[in-house]
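Numbered per the working numbering, the sequence shown spans residues 850 to 1289. Glycine residues also receive a C-beta, built at the ideal position from the N, C-alpha and C atoms. These notes concern the structure reproduced below.
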Amino acid sequence: MNLRELVIKTLVEVEKNNSYVNLLLPKLIANLAKKEDKDFVVELTYGVLKQLKLLDYLAGKLLKKRSKLPPFVINAIRVGLYQLYFLDRVPTYAAINETVEAVKQNYREFTGVVNGVLRNFIRRREEITKIDVRDEVEYLAIAFSHPEWMVKRWLNQYGSAKTVEILKYNNNQPNLTLRINTLKISPKAYCDLLNNENINFKQLPYLPEGVVILDQVGVRELPGYDEGLFYIQDLGSMFISHLVNPEPDSVGVDACAAPGGKSTHLAQLMGNKGLIYAFDVHPGRLKLIEENAQRLGINIIRCLLGDATTLKLPDGVNPHWILADVPCSGTGVLARKPDARWQKSEEEIIKLSQYQLEILTNLSRLLPPEGILVYSTCSIEAEENEGVVENFLRKNPDFVLVKPPEWFFNLGIVKNDYYLRLLPGEIGDGFFGVILKKLC
(Lines of atoms letter the chains of each structure in order from A and count residues from 1; the text may use other names and numbers.)
(Lines give C-alpha, C1' and ligand atoms only; values in the text may rest on other atoms or scores of the structure.)
Protein backbone atom coordinates (compact mmCIF):
# COMPACT_ATOMS: atom_id res chain seq x y z
CA MET A 1 0.00 0.00 0.00
CA ASN A 2 1.53 3.36 -0.98
CA LEU A 3 1.29 6.33 1.35
CA ARG A 4 -1.44 8.09 -0.62
CA GLU A 5 -3.56 4.95 -0.55
CA LEU A 6 -3.26 4.84 3.24
CA VAL A 7 -4.35 8.50 3.46
CA ILE A 8 -7.30 7.93 1.12
CA LYS A 9 -8.54 4.91 3.09
CA THR A 10 -8.22 6.87 6.33
CA LEU A 11 -10.31 9.70 4.90
CA VAL A 12 -12.97 7.25 3.70
CA GLU A 13 -13.18 5.71 7.19
CA VAL A 14 -13.45 9.13 8.88
CA GLU A 15 -16.18 10.24 6.50
CA LYS A 16 -18.13 6.97 6.49
CA ASN A 17 -18.19 6.24 10.22
CA ASN A 18 -17.55 9.68 11.78
CA SER A 19 -14.35 8.19 13.20
CA TYR A 20 -12.00 10.46 15.15
CA VAL A 21 -8.88 10.89 13.05
CA ASN A 22 -6.66 11.49 16.11
CA LEU A 23 -7.61 8.03 17.40
CA LEU A 24 -7.68 6.25 14.04
CA LEU A 25 -4.47 7.49 12.44
CA PRO A 26 -1.88 6.36 15.04
CA LYS A 27 -3.05 2.75 14.61
CA LEU A 28 -2.82 2.97 10.82
CA ILE A 29 0.69 4.41 10.68
CA ALA A 30 2.14 2.23 13.44
CA ASN A 31 3.65 -0.21 10.93
CA LEU A 32 5.39 2.47 8.86
CA ALA A 33 9.12 2.15 9.45
CA LYS A 34 10.27 5.65 8.49
CA LYS A 35 9.42 8.70 10.57
CA GLU A 36 9.22 10.87 7.44
CA ASP A 37 6.56 8.53 6.03
CA LYS A 38 4.51 8.77 9.21
CA ASP A 39 4.85 12.57 9.22
CA PHE A 40 3.78 12.77 5.57
CA VAL A 41 0.68 10.64 6.12
CA VAL A 42 -0.35 12.72 9.14
CA GLU A 43 0.27 16.02 7.35
CA LEU A 44 -1.64 14.95 4.25
CA THR A 45 -4.58 13.47 6.17
CA TYR A 46 -4.97 16.46 8.48
CA GLY A 47 -4.43 18.90 5.64
CA VAL A 48 -7.16 17.39 3.46
CA LEU A 49 -9.60 17.35 6.37
CA LYS A 50 -8.91 21.01 7.13
CA GLN A 51 -9.24 22.10 3.49
CA LEU A 52 -12.15 19.78 2.61
CA LYS A 53 -14.63 22.45 1.50
CA LEU A 54 -12.09 24.32 -0.62
CA LEU A 55 -10.86 21.09 -2.24
CA ASP A 56 -14.43 20.10 -3.09
CA TYR A 57 -15.03 23.55 -4.58
CA LEU A 58 -11.97 23.15 -6.81
CA ALA A 59 -12.95 19.60 -7.74
CA GLY A 60 -16.46 20.80 -8.61
CA LYS A 61 -15.00 23.01 -11.34
CA LEU A 62 -13.19 20.02 -12.83
CA LEU A 63 -15.82 17.29 -12.51
CA LYS A 64 -19.13 16.86 -14.28
CA LYS A 65 -20.67 13.94 -12.37
CA ARG A 66 -19.06 13.79 -8.94
CA SER A 67 -22.16 12.21 -7.37
CA LYS A 68 -21.51 8.97 -9.27
CA LEU A 69 -17.96 8.56 -7.96
CA PRO A 70 -17.16 6.10 -5.12
CA PRO A 71 -15.94 7.67 -1.84
CA PHE A 72 -12.45 6.27 -2.46
CA VAL A 73 -12.19 8.11 -5.78
CA ILE A 74 -13.59 11.37 -4.37
CA ASN A 75 -11.01 11.28 -1.59
CA ALA A 76 -8.24 10.41 -4.04
CA ILE A 77 -9.06 13.59 -5.97
CA ARG A 78 -8.98 15.57 -2.71
CA VAL A 79 -5.59 14.07 -1.82
CA GLY A 80 -4.19 14.85 -5.26
CA LEU A 81 -5.48 18.42 -5.30
CA TYR A 82 -4.19 19.08 -1.79
CA GLN A 83 -0.67 18.06 -2.79
CA LEU A 84 -0.75 20.14 -5.98
CA TYR A 85 -2.18 23.24 -4.26
CA PHE A 86 -0.63 23.21 -0.79
CA LEU A 87 2.50 21.02 -0.79
CA ASP A 88 5.10 22.76 -2.94
CA ARG A 89 7.84 20.39 -1.81
CA VAL A 90 6.06 17.40 -3.37
CA PRO A 91 7.00 17.17 -7.07
CA THR A 92 4.02 17.43 -9.40
CA TYR A 93 4.75 14.11 -11.07
CA ALA A 94 4.88 12.33 -7.69
CA ALA A 95 1.64 13.92 -6.48
CA ILE A 96 -0.21 12.84 -9.63
CA ASN A 97 1.42 9.46 -10.35
CA GLU A 98 1.27 8.12 -6.78
CA THR A 99 -2.33 9.22 -6.32
CA VAL A 100 -3.37 7.72 -9.65
CA GLU A 101 -1.56 4.49 -8.76
CA ALA A 102 -3.58 4.26 -5.52
CA VAL A 103 -6.78 4.53 -7.58
CA LYS A 104 -5.50 1.97 -10.06
CA GLN A 105 -5.01 -0.57 -7.27
CA ASN A 106 -8.57 -0.11 -5.96
CA TYR A 107 -10.82 1.33 -8.68
CA ARG A 108 -8.99 0.80 -11.97
CA GLU A 109 -11.96 1.99 -14.04
CA PHE A 110 -11.66 5.50 -12.51
CA THR A 111 -7.93 5.89 -13.12
CA GLY A 112 -8.49 8.08 -16.19
CA VAL A 113 -10.95 10.33 -14.34
CA VAL A 114 -8.54 11.07 -11.48
CA ASN A 115 -5.56 11.49 -13.81
CA GLY A 116 -7.54 13.88 -16.00
CA VAL A 117 -8.80 15.99 -13.08
CA LEU A 118 -5.34 16.44 -11.58
CA ARG A 119 -3.61 17.23 -14.88
CA ASN A 120 -6.43 19.62 -15.82
CA PHE A 121 -5.90 21.42 -12.49
CA ILE A 122 -2.23 21.94 -13.35
CA ARG A 123 -3.10 23.42 -16.76
CA ARG A 124 -5.91 25.67 -15.48
CA ARG A 125 -4.65 26.41 -11.95
CA GLU A 126 -5.09 30.20 -12.03
CA GLU A 127 -8.64 29.94 -13.37
CA ILE A 128 -9.70 27.05 -11.11
CA THR A 129 -8.37 28.54 -7.85
CA LYS A 130 -10.30 31.80 -8.26
CA ILE A 131 -13.29 31.78 -5.90
CA ASP A 132 -16.18 33.26 -7.89
CA VAL A 133 -18.46 34.06 -4.95
CA ARG A 134 -19.69 37.45 -3.76
CA ASP A 135 -21.54 36.55 -0.55
CA GLU A 136 -19.17 37.09 2.40
CA VAL A 137 -20.30 34.03 4.38
CA GLU A 138 -20.06 31.69 1.41
CA TYR A 139 -16.73 33.16 0.27
CA LEU A 140 -15.06 32.81 3.68
CA ALA A 141 -16.51 29.32 4.15
CA ILE A 142 -14.91 28.19 0.88
CA ALA A 143 -11.66 30.15 1.14
CA PHE A 144 -10.94 28.96 4.70
CA SER A 145 -12.85 25.68 4.47
CA HIS A 146 -15.35 25.90 7.32
CA PRO A 147 -19.10 25.17 7.47
CA GLU A 148 -21.16 28.18 6.43
CA TRP A 149 -23.27 28.13 9.61
CA MET A 150 -20.09 28.38 11.69
CA VAL A 151 -18.70 31.30 9.68
CA LYS A 152 -22.04 33.13 9.87
CA ARG A 153 -22.16 32.78 13.66
CA TRP A 154 -18.64 34.12 14.11
CA LEU A 155 -19.24 37.06 11.76
CA ASN A 156 -22.27 37.99 13.86
CA GLN A 157 -20.40 37.59 17.16
CA TYR A 158 -16.92 38.87 16.33
CA GLY A 159 -17.02 40.79 13.03
CA SER A 160 -15.10 40.21 9.80
CA ALA A 161 -11.52 40.91 10.88
CA LYS A 162 -11.60 38.73 14.00
CA THR A 163 -13.45 35.94 12.18
CA VAL A 164 -10.75 35.81 9.50
CA GLU A 165 -8.10 35.58 12.24
CA ILE A 166 -9.95 32.62 13.80
CA LEU A 167 -10.36 30.89 10.43
CA LYS A 168 -6.67 31.32 9.59
CA TYR A 169 -5.59 29.99 12.98
CA ASN A 170 -7.81 26.94 12.63
CA ASN A 171 -6.13 26.06 9.34
CA ASN A 172 -2.57 26.36 10.66
CA GLN A 173 -0.71 23.65 12.50
CA PRO A 174 -0.59 24.89 16.12
CA ASN A 175 2.65 24.59 18.02
CA LEU A 176 3.05 21.85 20.59
CA THR A 177 2.65 23.29 24.08
CA LEU A 178 3.58 21.58 27.29
CA ARG A 179 3.33 22.09 31.01
CA ILE A 180 6.52 21.53 32.95
CA ASN A 181 5.89 19.31 35.95
CA THR A 182 7.28 21.51 38.70
CA LEU A 183 6.78 18.70 41.20
CA LYS A 184 9.80 17.04 39.59
CA ILE A 185 11.83 19.77 37.89
CA SER A 186 12.05 23.56 37.80
CA PRO A 187 11.15 25.47 34.62
CA LYS A 188 14.76 26.60 34.25
CA ALA A 189 16.15 23.09 34.62
CA TYR A 190 13.73 21.68 32.05
CA CYS A 191 14.49 24.47 29.60
CA ASP A 192 18.17 23.59 30.01
CA LEU A 193 17.29 20.05 28.90
CA LEU A 194 15.57 21.43 25.80
CA ASN A 195 18.61 23.56 25.03
CA ASN A 196 20.88 20.55 25.43
CA GLU A 197 18.77 18.72 22.81
CA ASN A 198 18.89 21.79 20.48
CA ILE A 199 15.10 22.06 20.57
CA ASN A 200 13.80 25.58 19.93
CA PHE A 201 11.13 26.78 22.35
CA LYS A 202 9.51 29.84 23.87
CA GLN A 203 8.93 30.41 27.57
CA LEU A 204 5.99 32.44 28.80
CA PRO A 205 6.47 35.10 31.50
CA TYR A 206 2.82 34.88 32.58
CA LEU A 207 2.82 31.04 32.73
CA PRO A 208 6.25 29.97 33.96
CA GLU A 209 5.32 26.30 33.76
CA GLY A 210 4.17 26.68 30.12
CA VAL A 211 6.51 26.13 27.16
CA VAL A 212 5.77 26.45 23.45
CA ILE A 213 7.85 24.07 21.31
CA LEU A 214 8.76 25.80 18.05
CA ASP A 215 10.26 22.78 16.26
CA GLN A 216 8.37 19.86 14.72
CA VAL A 217 9.17 17.12 17.20
CA GLY A 218 7.21 14.17 18.52
CA VAL A 219 6.11 14.05 22.14
CA ARG A 220 8.42 11.14 22.94
CA GLU A 221 11.34 12.95 21.31
CA LEU A 222 11.15 15.58 24.04
CA PRO A 223 13.34 14.98 27.10
CA GLY A 224 11.68 13.48 30.16
CA TYR A 225 8.38 12.06 28.93
CA ASP A 226 8.72 8.67 30.64
CA GLU A 227 10.12 10.37 33.73
CA GLY A 228 7.00 12.57 33.96
CA LEU A 229 8.81 15.88 33.55
CA PHE A 230 6.02 17.40 31.42
CA TYR A 231 2.43 17.05 30.26
CA ILE A 232 1.07 18.12 26.85
CA GLN A 233 -1.48 20.87 27.51
CA ASP A 234 -2.63 23.99 25.68
CA LEU A 235 -2.01 27.37 27.26
CA GLY A 236 -5.72 28.18 27.49
CA SER A 237 -6.30 24.98 29.43
CA MET A 238 -3.55 25.98 31.88
CA PHE A 239 -5.23 29.34 32.44
CA ILE A 240 -8.33 27.55 33.73
CA SER A 241 -6.34 25.86 36.51
CA HIS A 242 -5.01 29.26 37.54
CA LEU A 243 -8.59 30.57 37.70
CA VAL A 244 -9.28 27.89 40.31
CA ASN A 245 -6.05 28.89 42.07
CA PRO A 246 -6.23 26.04 44.62
CA GLU A 247 -4.45 26.28 47.94
CA PRO A 248 -2.17 23.47 49.15
CA ASP A 249 -4.05 21.10 51.48
CA SER A 250 -7.40 22.14 49.99
CA VAL A 251 -10.07 19.67 48.93
CA GLY A 252 -11.44 20.03 45.42
CA VAL A 253 -13.54 18.37 42.74
CA ASP A 254 -12.82 18.10 39.02
CA ALA A 255 -16.25 17.05 37.79
CA CYS A 256 -15.48 16.26 34.12
CA ALA A 257 -11.86 15.33 34.57
CA ALA A 258 -10.62 12.97 31.85
CA PRO A 259 -7.98 12.72 30.50
CA GLY A 260 -6.59 14.54 33.52
CA GLY A 261 -4.78 17.62 32.22
CA LYS A 262 -6.45 20.05 34.58
CA SER A 263 -6.64 17.58 37.50
CA THR A 264 -2.89 17.00 37.40
CA HIS A 265 -2.19 20.70 36.89
CA LEU A 266 -4.34 21.55 39.92
CA ALA A 267 -2.46 18.94 41.95
CA GLN A 268 0.78 20.52 40.79
CA LEU A 269 -0.36 23.99 41.87
CA MET A 270 -1.27 22.46 45.25
CA GLY A 271 2.24 21.04 45.62
CA ASN A 272 0.73 17.54 45.64
CA LYS A 273 -0.82 18.33 49.05
CA GLY A 274 -4.54 18.01 49.73
CA LEU A 275 -7.14 15.96 47.89
CA ILE A 276 -8.80 16.11 44.46
CA TYR A 277 -11.84 14.02 43.54
CA ALA A 278 -11.71 13.47 39.78
CA PHE A 279 -14.95 12.29 38.20
CA ASP A 280 -15.74 11.00 34.74
CA VAL A 281 -18.63 9.03 33.27
CA HIS A 282 -16.37 6.60 31.35
CA PRO A 283 -14.30 4.01 33.29
CA GLY A 284 -11.71 3.84 30.51
CA ARG A 285 -11.12 7.58 30.68
CA LEU A 286 -10.69 7.42 34.46
CA LYS A 287 -7.86 4.98 33.84
CA LEU A 288 -6.18 7.64 31.69
CA ILE A 289 -6.24 10.04 34.64
CA GLU A 290 -4.69 7.43 36.90
CA GLU A 291 -1.97 6.64 34.37
CA ASN A 292 -1.14 10.32 33.84
CA ALA A 293 -1.07 11.00 37.58
CA GLN A 294 1.25 8.05 38.15
CA ARG A 295 3.66 9.18 35.41
CA LEU A 296 3.73 12.69 36.87
CA GLY A 297 4.30 11.47 40.43
CA ILE A 298 0.94 12.73 41.76
CA ASN A 299 -0.85 10.84 44.54
CA ILE A 300 -3.60 13.21 45.74
CA ILE A 301 -6.14 12.45 42.98
CA ARG A 302 -8.98 10.03 43.74
CA CYS A 303 -10.74 8.86 40.57
CA LEU A 304 -14.46 8.15 40.86
CA LEU A 305 -17.08 7.13 38.32
CA GLY A 306 -19.88 9.66 38.07
CA ASP A 307 -22.08 11.69 35.74
CA ALA A 308 -21.67 15.41 36.46
CA THR A 309 -25.43 15.98 36.13
CA THR A 310 -26.19 13.63 39.03
CA LEU A 311 -22.95 12.92 40.89
CA LYS A 312 -22.76 12.96 44.66
CA LEU A 313 -19.68 13.34 46.83
CA PRO A 314 -18.56 10.81 49.43
CA ASP A 315 -20.05 11.37 52.88
CA GLY A 316 -18.37 14.14 54.84
CA VAL A 317 -16.66 15.80 51.86
CA ASN A 318 -17.05 19.59 51.76
CA PRO A 319 -14.95 20.87 48.87
CA HIS A 320 -13.25 24.24 48.89
CA TRP A 321 -13.56 24.40 45.12
CA ILE A 322 -15.19 22.63 42.17
CA LEU A 323 -14.06 22.77 38.54
CA ALA A 324 -16.79 22.25 35.92
CA ASP A 325 -14.86 21.93 32.66
CA VAL A 326 -17.96 20.81 30.84
CA PRO A 327 -18.44 18.87 27.58
CA CYS A 328 -18.86 21.44 24.80
CA SER A 329 -18.87 22.00 21.06
CA GLY A 330 -15.07 22.42 21.05
CA THR A 331 -15.13 25.30 18.56
CA GLY A 332 -12.11 26.80 20.30
CA VAL A 333 -9.85 23.82 19.50
CA LEU A 334 -10.67 23.11 15.85
CA ALA A 335 -7.05 23.70 14.83
CA ARG A 336 -6.11 20.51 16.69
CA LYS A 337 -9.15 18.50 15.55
CA PRO A 338 -9.53 19.08 11.80
CA ASP A 339 -12.37 16.57 11.36
CA ALA A 340 -14.45 18.12 14.15
CA ARG A 341 -15.63 21.13 12.13
CA TRP A 342 -17.50 18.80 9.75
CA GLN A 343 -19.07 16.70 12.53
CA LYS A 344 -20.84 19.52 14.37
CA SER A 345 -24.13 21.32 13.89
CA GLU A 346 -25.66 24.55 15.12
CA GLU A 347 -28.48 22.60 16.77
CA GLU A 348 -25.89 20.76 18.88
CA ILE A 349 -24.79 24.03 20.48
CA ILE A 350 -28.30 24.72 21.81
CA LYS A 351 -28.63 21.19 23.19
CA LEU A 352 -25.20 21.40 24.80
CA SER A 353 -25.99 24.69 26.54
CA GLN A 354 -28.97 23.03 28.25
CA TYR A 355 -26.80 20.07 29.31
CA GLN A 356 -24.08 22.42 30.58
CA LEU A 357 -26.58 24.34 32.72
CA GLU A 358 -27.79 21.04 34.15
CA ILE A 359 -24.20 20.15 35.15
CA LEU A 360 -23.54 23.57 36.68
CA THR A 361 -26.79 23.46 38.64
CA ASN A 362 -26.07 20.02 40.10
CA LEU A 363 -22.50 20.87 41.06
CA SER A 364 -23.60 24.09 42.75
CA ARG A 365 -25.54 22.02 45.27
CA LEU A 366 -22.37 20.19 46.35
CA LEU A 367 -20.55 23.37 47.35
CA PRO A 368 -20.62 24.78 50.91
CA PRO A 369 -20.87 28.53 51.58
CA GLU A 370 -17.76 30.51 50.52
CA GLY A 371 -16.84 27.71 48.11
CA ILE A 372 -15.57 28.46 44.59
CA LEU A 373 -17.09 27.02 41.42
CA VAL A 374 -15.15 27.54 38.17
CA TYR A 375 -17.07 26.99 34.94
CA SER A 376 -15.07 26.50 31.74
CA THR A 377 -15.33 25.32 28.14
CA CYS A 378 -13.15 25.09 25.04
CA SER A 379 -15.98 26.69 23.04
CA ILE A 380 -16.17 30.22 21.66
CA GLU A 381 -19.98 30.20 21.39
CA ALA A 382 -21.81 32.69 23.61
CA GLU A 383 -24.69 30.29 24.29
CA GLU A 384 -22.31 27.80 25.92
CA ASN A 385 -20.37 30.42 27.85
CA GLU A 386 -21.87 33.72 29.00
CA GLY A 387 -25.35 32.41 28.18
CA VAL A 388 -25.06 29.42 30.54
CA VAL A 389 -23.53 31.51 33.33
CA GLU A 390 -26.12 34.29 33.11
CA ASN A 391 -28.95 31.77 33.04
CA PHE A 392 -27.48 30.03 36.10
CA LEU A 393 -27.09 33.29 38.05
CA ARG A 394 -30.70 34.29 37.37
CA LYS A 395 -31.86 31.05 38.98
CA ASN A 396 -29.25 30.97 41.77
CA PRO A 397 -29.01 34.35 43.54
CA ASP A 398 -26.80 32.78 46.24
CA PHE A 399 -23.91 32.80 43.72
CA VAL A 400 -21.90 35.82 42.55
CA LEU A 401 -19.19 36.39 39.98
CA VAL A 402 -15.61 36.82 41.21
CA LYS A 403 -12.94 38.77 39.31
CA PRO A 404 -9.91 36.76 38.11
CA PRO A 405 -6.45 37.55 39.53
CA GLU A 406 -4.97 40.85 38.34
CA TRP A 407 -2.44 39.32 35.95
CA PHE A 408 -5.28 38.02 33.75
CA PHE A 409 -6.37 41.65 33.21
CA ASN A 410 -2.81 42.58 32.24
CA LEU A 411 -2.99 40.07 29.40
CA GLY A 412 -6.18 41.66 28.08
CA ILE A 413 -8.13 38.40 28.09
CA VAL A 414 -10.82 39.34 30.66
CA LYS A 415 -14.11 40.60 29.22
CA ASN A 416 -16.73 42.54 31.19
CA ASP A 417 -14.54 42.34 34.34
CA TYR A 418 -15.30 38.68 35.00
CA TYR A 419 -15.18 36.48 31.91
CA LEU A 420 -11.93 34.90 30.77
CA ARG A 421 -12.38 34.55 27.02
CA LEU A 422 -9.62 33.48 24.66
CA LEU A 423 -10.33 33.33 20.95
CA PRO A 424 -8.28 30.97 18.77
CA GLY A 425 -4.97 32.56 17.84
CA GLU A 426 -4.95 35.31 20.48
CA ILE A 427 -2.58 33.30 22.70
CA GLY A 428 -3.36 29.69 21.81
CA ASP A 429 -6.59 27.76 21.43
CA GLY A 430 -9.98 29.20 22.34
CA PHE A 431 -11.17 28.86 25.94
CA PHE A 432 -13.71 30.37 28.30
CA GLY A 433 -13.72 30.46 32.09
CA VAL A 434 -15.43 32.25 34.97
CA ILE A 435 -15.24 32.12 38.78
CA LEU A 436 -18.46 31.78 40.79
CA LYS A 437 -18.65 32.03 44.59
CA LYS A 438 -21.39 30.64 46.81
CA LEU A 439 -22.50 33.14 49.42
CA CYS A 440 -24.73 31.03 51.64
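Here's the rule: buried if 16 or more other CB atoms are within 10 angstroms of the residue's CB, otherwise exposed. What is F1258? With fewer than 16 other Cβ atoms within 10 Å, it is exposed.
What separation, rounded to the nearest whole angstrom, lies between the Cα atoms of Y1017 and F993? The sequence given here has Lys at residue 1017, not Tyr. Using only the alpha carbons, I get a separation of about 7 Å.
Helix or strand or just coil, what does DSSP make of K1136? Under the three-state reduction of DSSP output, K1136 falls in the helix class.
Output the boundary residues of the alpha helix (DSSP H) element that contains Q900. Judged by DSSP secondary structure, Q900 falls outside any alpha helix (DSSP H); it is assigned neither H nor E.
On a Cα-Cα basis, can you pick out the residue from S1202, Y988, L1025 and G1059 that is closest to L1118? Comparing C-alpha distances from L1118 to each of S1202, Y988, L1025 and G1059 shows the shortest one belongs to G1059.
DSSP state of A879, grouped into three classes? Coil, per DSSP.
In the DSSP assignment, find the unbroken beta strand (DSSP E) run with I1029 in it and report its ends. Taken as a continuous stretch (DSSP letters only), the beta strand (DSSP E) holding I1029 covers L1025 to I1029.
Three-state secondary structure assigned by DSSP to Q1143: DSSP places Q1143 in helix when its eight states are reduced to three.
Considering only heavy atoms of the ligand MN, does any lie closer than 6 Å to the CB of I1029? Only the bare structure without any ligand can be found here, which leaves the ligand MN out of the picture.
Taking Cβ positions, are Y956 and P919 nearer each other than 7 Å? A contact, by the Cβ cut-off of 7 Å.
Suppose the cutoff is 7 Å on Cβ atoms and the five residues either side in sequence are ignored; what does the same chain contact list for A1064 look like? It is Asp, not Ala, that sits at residue 1064 in the sequence shown. Residues I1048 and N1049 of the same chain have their beta carbon placed closer than 7 Å to that of D1064, with the five preceding and five following residues left out of the count.
Rounded distance between the beta-carbons of V861 and N870, thought under 8 Å: According to the sequence shown, residue 870 is Val rather than Asn. Distance from V870 to V861 at the Cβ level is roughly 12 Å; contact not present, criterion being Cβ atoms closer than 8 Å.
Along the chain, where does the beta strand (DSSP E) containing D1103 start, and where does it finish? Judged by DSSP secondary structure, D1103 falls within the beta strand (DSSP E) whose first and last residues are V1100 to D1103.
State the DSSP-derived secondary structure class of P1057, mapped to helix, strand or coil. Three-state result, P1057: strand.
Sequence-distant residues of its chain with Cβ nearer than 8 Å to Y1080 (five each side left out): L1027, R1028, N1030, G1110, T1113, H1114, N1141 and L1145, listed in sequence order.
If L1004 sits next to V986, beta carbons under 8 Å apart, how far is it from one beta carbon to the other, in whole angstroms? About 7 Å; that satisfies the 8 Å criterion.
Rounded to a whole number of angstroms, what is the C-alpha to C-alpha distance between E1235 and Y1268? Between the C-alpha atoms of E1235 and Y1268 there is a straight-line separation of about 8 Å.
Inspect the CB distances between the stretch 997-1012 and the stretch 928-935 and report whether three or more fall short of 8 Å. Judged by Cβ distances under 8 Å, the stretch 997-1012 makes no contact with the stretch 928-935, as fewer than three pairs qualify.
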